[in-house]
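The structure appears below as structure tokens.
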Amino acid sequence: MRCDLHLHSRHSGPSDIPVLGRFARESYSEPRALYEEARRRGMDLVTLTDHDAIEGALELRSRPGTFVSEEVTCGLPGGRIVHLGVFGLSEGQHRHIAARRGDGEALFAYLAEQRIPACLNHPFSALTGARETADLAVSLAALPLVEALNGALSGRVNGAARAAARRRRRAMVGGSDAHTLASVARAHTLVPGARDAAEFLEGLRRGLCLPRGRSGSYARLTADVARIIGGAFREHGRRAPRDGRALVRLAAMAAASPALVGLPVVMGVLYLQDQLFALRHARRLAARGDGEERRLAGGLATASA
Numbered sequence: 148m149r150c151d152l153h154l155h156s157r158h159s160g161p162s163d164i165p166v167l168g169r170f171a172r173e174s175y176s177e178p179r180a181l182y183e184e185a186r187r188r189g190m191d192l193v194t195l196t197d198h199d200a201i202e203g204a205l206e207l208r209s210r211p212g213t214f215v216s217e218e219v220t221c222g223l224p225g226g227r228i229v230h231l232g233v234f235g236l237s238e239g240q241h242r243h244i245a246a247r248r249g250d251g252e253a254l255f256a257y258l259a260e261q262r263i264p265a266c267l268n269h270p271f272s273a274l275t276g277a278r279e280t281a282d283l284a285v286s287l288a289a290l291p292l293v294e295a296l297n298g299a300l301s302g303r304v305n306g307a308a309r310a311a312a313r314r315r316r317r318a319m320v321g322g323s324d325a326h327t328l329a330s331v332a333r334a335h336t337l338v339p340g341a342r343d344a345a346e347f348l349e350g351l352r353r354g355l356c357l358p359r360g361r362s363g364s365y366a367r368l369t370a371d372v373a374r375i376i377g378g379a380f381r382e383h384g385r386r387a388p389r390d391g392r393a394l395v396r397l398a399a400m401a402a403a404s405p406a407l408v409g410l411p412v413v414m415g416v417l418y419l420q421d422q423l424f425a426l427r428h429a430r431r432l433a434a435r436g437d438g439e440e441r442r443l444a445g446g447l448a449t450a451s452a
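Under my numbering, the first residue of the sequence shown is numbered 148, with each subsequent residue one higher.
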């Protein structure tokens, strides 16, 4: 069975991109539209991975072939973060995760205790937050799955994740990281032989999974950001007649619209930074051994105590 394990809906909160987060959401896609698009593009199962939220996934739970997931913002020592895809949750487990996500060591322990399939998302992308090589080593040591194919990121960034997963004998998954309908199912995960959601999730637990699909590109990333900006204009425009704050945001975006001409340049700089980030941390991580990872993981536990 096939499932895109990285999909964002309008429930994902404000955009992570600097400045844009003041005006725009991570996504303007409706959960039901995502479901229909994923199924149309050949996905046997559908789940949403909104940032620290499951409301969108709960909207779909009456649909066939769905399960509840989220993308968790996991806090590490030093105030840095990594993002985790966690799959097949109950509402109670979501609440326990929310209570622990500021403490990486406690969260990793809970996920393992509950046998919740969890992966390290886009580890080598600078677009998803500042992190140190040690943060990646700790997370790779603690989690059984690595997102080795992200449909929004370049082949270089995905290649670094794939190489790290192979060196540390971690199973690999794929997901589109779609923030717009245009990118749904660009990448996905295959669990051979699974016949339903329960068997698919068990395949993830056992590491019997394969990433499938395509990497992203500068052009696709820039186009998706432009679509998100368009979604922000439409949302604030609809709400402006009855919502003063929406009117203020719409006016601010309209005033800033000439600067959008420079969006390709801004995205080009961010895209280049992503490649350099991946190259730097991949080299540093390759120089570490499994013993070093275990030492760092022990240090995380001590720091979190």
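Just so it is clear, CB atoms sit at the ideal spot from N, CA and C, and this is done for glycine as well.
Alpha-carbon spacing of residue i relative to residue j, whole angstroms
| i | j | result |
| --- | --- | --- |
| V320 | F170 | 32 Å |
| A308 | L154 | 19 Å |
| S301 | P270 | 13 Å |
| L290 | R317 | 8 Å |
| G249 | F255 | 11 Å |
| G363 | R303 | 10 Å |
| R179 | A434 | 45 Å |
| A344 | G415 | 39 Å |
| H353 | L410 | Per the sequence shown, the amino acid found at residue 353 is Arg instead of His. Spanning the two alpha carbons is a distance of roughly 43 Å. |
| V233 | V412 | 34 Å |
| I201 | E184 | 19 Å |
| D197 | G340 | 27 Å |
| A277 | R315 | 22 Å |
| S162 | L348 | 29 Å |
| A204 | E217 | 8 Å |
| L195 | Y182 | 9 Å |
| R367 | H241 | 32 Å |
| H243 | I228 | 18 Å |
| E260 | L423 | 36 Å |
| A265 | A373 | 31 Å |
| R427 | E206 | 41 Å |
Assumed close pair residue i, residue j - CB separation to whole angstroms, cut-off 8 Å
| i | j | result |
| --- | --- | --- |
| G212 | V193 | 6 Å |
| I263 | L236 | 7 Å |
| D199 | V219 | 6 Å |
| R332 | R210 | Residue 332 is actually Ala in this sequence, not Arg. The pair is not a contact, with the Cβ atoms about 16 Å apart (cut-off 8 Å). |
| A429 | A310 | 7 Å |
Residue from the options with nearest C-alpha to residue i
| i | options | result |
| --- | --- | --- |
| L296 | A325, A200, G235 and F234 | A325 |
| G360 | P178, E238, T220 and A299 | A299 |
| S272 | I263, L195 and D282 | D282 |
| R157 | R367, V215, L328 and R187 | L328 |
| L274 | R381, H230, A246 and H241 | H230 |
| I375 | G160, R172 and I244 | R172 |
| G239 | L258, R427 and R186 | L258 |
| N268 | N305, R342, S159 and R367 | N305 |
| S330 | E346, R342 and A370 | A370 |
Other residues of its chain near residue i: CB distance less than 8 Å, five sequence neighbours each side excluded
| i | result |
| --- | --- |
| R431 | T280 |
| T336 | R149, C150, D151, L152, V320, G321, G322, L351, C356, L357, P358 and R359 |
| A245 | D199 |
| R342 | M148 |
| E346 | M148, V338 and G340 |
| C177 | Per the sequence shown, the amino acid found at residue 177 is Glu instead of Cys. Closer than 8 Å at Cβ, skipping near neighbours: S156 and R157. |
Neighbourhood of residue i by C-beta, 7 Å cutoff - its chain only, sequence neighbours within 5 removed
| i | result |
| --- | --- |
| A312 | V293, A295 and M319 |
| R208 | V215 |
| M190 | R149, C150, D151, A332 and H335 |
| G226 | none |
| R186 | V193 |
Contact set for residue i: own chain, Cβ-Cβ below 6 Å, skip 5 residues either direction
| i | result |
| --- | --- |
| G378 | Y175 |
| Q516 | No information on residue 516 is available, as it lies outside the stretch 148 to 452 that the chain covers here. |
| Y418 | Y365 |
| S159 | E173, S174, D197 and H198 |
Residue i: CB within 7 Å of a non-hydrogen atom of the ligand NAP
| i | result |
| --- | --- |
| R314 | You won't find the ligand NAP in this model; it holds no ligand whatsoever. |
As an exercise, report each continuous beta strand (DSSP E) stretch of at least 3 residues that is fully enclosed by the stretch 274-313, in chain order.
You should have 292-297.
Hey, which unbroken runs of the beta strand (DSSP E) at 3 residues or more fall wholly within the stretch 312-379?
318-322, 334-337 and 357-360
Pick out the complete alpha helix (DSSP H) segments inside the stretch 157-220, 4 residues or longer, and give them in chain order.
If we require 4 residues or more, the alpha helix (DSSP H) runs fully inside the stretch 157-220 come out as 178-187 and 202-206.
Starting from the N-terminal side, write out each stretch of the beta strand (DSSP E) that is 3 residues or longer and does not extend beyond the stretch 236-271.
265-267
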